[in-house]
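Since the structure comes first, as structure tokens, the remarks are kept for the end.
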Amino acid sequence: MSANMDALIDIVVKGKIKEAKAATQACLDEGIDAKTIIFEGLSKAMGIVGDLYASKKYFLPQVLLAANTLYQGLNLCLPLLQGDGSASKGTVVLAVVEGDVHDIGKNIVKAMLTGLGLNVIDMGKDIPIKDIIASAIDNNAQIIATSTLMTPTLAGMKQVEADLKEAGKKGAIKTMIGGGATSKEFADQIGADGWSYDAVEASHVAAAFLGI
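Just so you know, we're using the numbering used here here: the sequence shown kicks off at 68 and counts up by one.
Here is the structure:
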């Protein structure tokens, strides 16, 4: 492993957002290709952050800072991968369902899934279910991941399952849900393929779906 790559991993783990671009550029200048930087540098760093969060050594602010630092590096590397079909290991449509505007959890999930090497289509918050389904079909996504923190919006997650069935895509497109208002029991009840308690678990669920 190069010293530049080690430095980049350390910068992401510690959330040194202002140093991330220069550190990523140093790796590129050294001749390390963008894909290697993403998978063996940035991804590895987010994995370390995930472990620190799981062991309660890191909390949400540190995870968010690391995620934002990760994106500084990704923004440099991703354009260099365009046209490289092997760059992405799968596509996920990510959204907070209609009626809910809480997106901190979603943003951390986005960082973890991007760190896995997935193409994450982040639709944002308060998104109509029909738009989520349409985006998944248009982008040939393998996974739809939705979240909510509010009980009234749980119906939207049930609607995702119904709409997928109607479109003949249930099973072909896996569904995973999360957020404070959800539970494993609720996921089973509506027929979702997976549920996760937090962003780290969400990355494990997605990886299992895609066999990575």
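Glycine included, C-beta positions come from ideal geometry on N, C-alpha and C.
Being a predicted model, the structure only gives us computed values, none of them experimental.
By DSSP, does A112 sit in helix, in strand, or in coil?
DSSP places A112 in the helix class (H, G or I) of the three-state scheme.
Taking the C-alpha atoms as reference points, what is the distance between P128 and K81?
The alpha-carbon atoms of P128 and K81 are separated by roughly 11 Å.
Status (buried if at least 16 other CB within 10 Å, exposed otherwise) for G247:
Burial is judged here by how many other beta carbons sit within 10 angstroms of a residue's own beta carbon; G247 has fewer than 16 and is exposed.
Along the chain, where does the alpha helix (DSSP H) that runs through V168 open and close?
From DSSP, V168 is part of no alpha helix (DSSP H); its letter is neither H nor E.
Going by C-alpha distance, which of K232, A201, W262 is nearest T213?
Here the closest residue by C-alpha is W262.
Which same chain residues, not among the five before or five after Y125, have their C-beta less than 6 Å away from its C-beta?
Excluding positions up to five away in sequence, the list reads L119.
Quick check on this structure: which residue in A234, G245, Q209 has the alpha carbon closest to the alpha carbon of M224?
When only C-alpha atoms are compared, the closest one is G245.
8 Å contact criterion, which A211 and V227 should meet: CB distance rounded
The sequence given here has Ile at residue 211, not Ala. The beta carbons of I211 and V227 sit about 6 Å from each other, so the pair counts as a contact at 8 Å.
Select from A208, G184, V176 the residue whose C-alpha is nearest the C-alpha of G191.
Of the candidates A208, G184, V176, V176 places its Cα closest to the Cα of G191.
Can you tell me the Cα-Cα spacing of V168 and V159, whole angstroms?
Between the C-alpha atoms of V168 and V159 there is a straight-line separation of about 20 Å.
Comparing alpha-carbon positions, which option in A70, N135, G117, S110 lies nearest A87?
That would be N135, whose Cα lies nearest to the Cα of A87.
State the CB to CB distance for the pair E43 and T220, rounded to an integer number of angstroms; the pair is presumed to be in contact (CB under 8 Å).
Here the chain has residues from 68 to 279 only, and residue 43 is not among them.
Please state whether DSSP places T220 in a helix, a strand or coil.
In this structure, T220 counts as helix in the three-state DSSP scheme.
For the alpha helix (DSSP H) holding S202, just list the boundary residues, first then last.
196-205 is the extent of the alpha helix (DSSP H) around S202.
Would DSSP call G182 helix, strand or coil?
Correct three-state label for G182: helix.
Looking at the secondary structure, which residues open and close the alpha helix (DSSP H) in which I76 lies?
Note, I76: alpha helix (DSSP H), 70-81.
Consult DSSP for G152 and reduce its assignment to one of helix, strand or coil.
Unreliable positioning characterises G152 in this predicted model, as indicated by a pLDDT of 49, which lies under 50. A coordinate reading is not provided.
Can you tell me which of D193, G184, A274 puts its alpha carbon nearest to the alpha carbon of C144?
Each of D193, G184, A274 was checked against the Cα of C144, and the nearest Cα belongs to G184.
What first and last residue would you give for the beta strand (DSSP E) that runs through I244?
That run of the beta strand (DSSP E) goes 241-245.
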